[in-house]
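Please read the structure below before turning to the comments.
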Amino acid sequence: MEKILMPSVFSILLTGERILLGFNKFAFHWFFPELVALEHGFFGENGLRCELVELRGGGVEKSDLYVDALRTGKTDFYHCGEWVGVVRVLKNTAGKIVAQSKPAPGTLNSSFTIFVRQDSGISSPRDLAGKSIAVEAGTGSFYAARMDLEPYVKSEEIRLISVSEPHARLKALMDGRVSAASLLGPWTKIAVKLGLKPVLTTKRDNPTLLIVSDRLGDETVVRLIKSINKAVEKINSDPSAYSDLYMDYLRQVVDEGGLDSRWLDSLDKDSLVDRWSTWEPYSYSRLYQVSRWMLERGLVSTVPDNNVVRSLRI
């Protein structure tokens, strides 16, 4: 059964339109602006009562977690990579794309990095041919790794292994169960501290998408985005001011994910929190372009109709 989480800082905000945020603590970095918005009451300022719903405890069970949560009313919105968004809307998952957060220098979605161990004998992306690379199937790390490796490795020699969450991918690499791992956010910083070697880092131009439930009206969605964007602006103005909150969630992942707590020692807290771009409208023409790339590679069988994108004034 899902568990409703009501952080004490904003528990007094008991009025306003109720919206649910299905929350996976192991991917907290993707929801950090929402967590900041909750801590500082930004949803309440816009007439919303946002409640965190813990979708599960323990490790990841499937990549369609948020899709299932949206279908069953356990969340009203979630983020996903652009490629994943194409797949999700093609499945008619009870939600539509309403906004995008573009990658920019220092943002969480600006790059993925593939790491290897120092003793791996791998020194360039070409050396990854036929090697096991940990990604999460059906998510942005899968599609990003595929695109990033194409210039260096033949498609039939790209060997992507599904390992659910980034902390689990890092652990699999440290334990020698995979040859490489695709990481981002705090896990890249920890990987560097542990002496792992980056062999491929690329800049992204694919935005993160915001998908919302069909039950939310346009005016409610605009207020939702306004609340999150205020948190984004606060974070971007001084990321280090939110490092303690960030570390609290990171420690939970380390403790419950079976990692060595010493991995967090000596981390530079002032550079730990990633920036975000504010959410802005997303166009169907962009979705069509990305869908064509996926169609040409057999990743989807058709292109979504234009009704999967809701046009809003944000």
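Sequential numbering of the sequence shown, starting at 390, is according to the working numbering. Built from N, CA and C at the ideal position, the CB exists for glycine as well.
Taken through DSSP and simplified to helix, strand or coil, R664 comes out as strand.
For A416, there is no enclosing beta strand (DSSP E), as DSSP marks it with neither H nor E.
Around L454, the same chain offers G411, N413, L444, R445 as residues with beta carbons nearer than 8 Å, after the five sequence neighbours per side are excluded.
Bounds of the beta strand (DSSP E) holding K485 are 484-490. Straight through space, the alpha carbons of G430 and G470 are spaced by roughly 27 Å. Residue burial annotation: T502 is buried, with at least 16 other C-beta atoms found within 10 angstroms of its C-beta. Inclusion of E539 and F531 in the CB contact set at 8 Å is not warranted, their separation being larger than that value. When the beta-carbon positions are compared, I522 and V581 stay at least 8 Å from each other.
In the structure shown, the three-state DSSP call for R566 is coil. Under the DSSP definition of a beta bridge, A523 partners with I550, A570. Pairing K480 with R699, the inter-Cα distance amounts to about 17 Å.
One alpha carbon belongs to S626, the other to K543, and they sit about 43 Å apart. Assignment of K463 by DSSP, reduced to helix, strand and coil, places it in the coil class. Put simply, the backbone Cα of S571 is about 25 Å away from that of E423.
Between the alpha carbons of T496 and E545 lies a distance of about 32 Å. Your pair W472 and N595 checks out as a contact, with CB atoms roughly 7 Å apart and the cut at 8 Å. Residue L676 holds the alpha-carbon nearest to the alpha-carbon of Q489 among P693, L676, D694. Within the same chain, Cβ atoms closer than 6 Å to the Cβ of Y541 are found at P514, R515, the five residues on either side in sequence being excluded.
Under the three-state reduction of DSSP, H468 is assigned to strand. If you check the CB distance, I408 and L613 come in under 8 Å. Looking at the DSSP output, V692 shares a beta bridge with no other residue.
S666 is classed as buried because its beta carbon has at least 16 other beta carbons within 10 Å across all chains shown. Taking 8 Å as the cut-off, the Cβ atoms of R477 and I600 count as close. Taking 8 Å as the cut-off, the Cβ atoms of P492 and R593 count as close.
When the beta-carbon positions are compared, Y635 and L661 come within less than 8 Å of each other. The Cβ atoms of D659 and S629 lie closer than 8 Å to each other.
When secondary structure is reduced to three states using DSSP, G411 falls in the strand class. Pairing R438 with S499, the inter-Cα distance amounts to about 31 Å.
Leaving aside the five residues that flank P670 on each side, the residues in its chain whose CB is nearer than 6 Å to its CB run, in chain order, I703. Within a 10 Å sphere around the beta-carbon of P494 sit fewer than 16 other beta-carbons, which makes this residue exposed.
Per DSSP, I624 is one residue of the alpha helix (DSSP H) stretching across 607-626. Assignment of I579 by DSSP, reduced to helix, strand and coil, places it in the helix class. Taking 8 Å as the cut-off, the Cβ atoms of V442 and T464 count as close. In this structure, DSSP gives E669 an extended state, which the three-state scheme calls strand.
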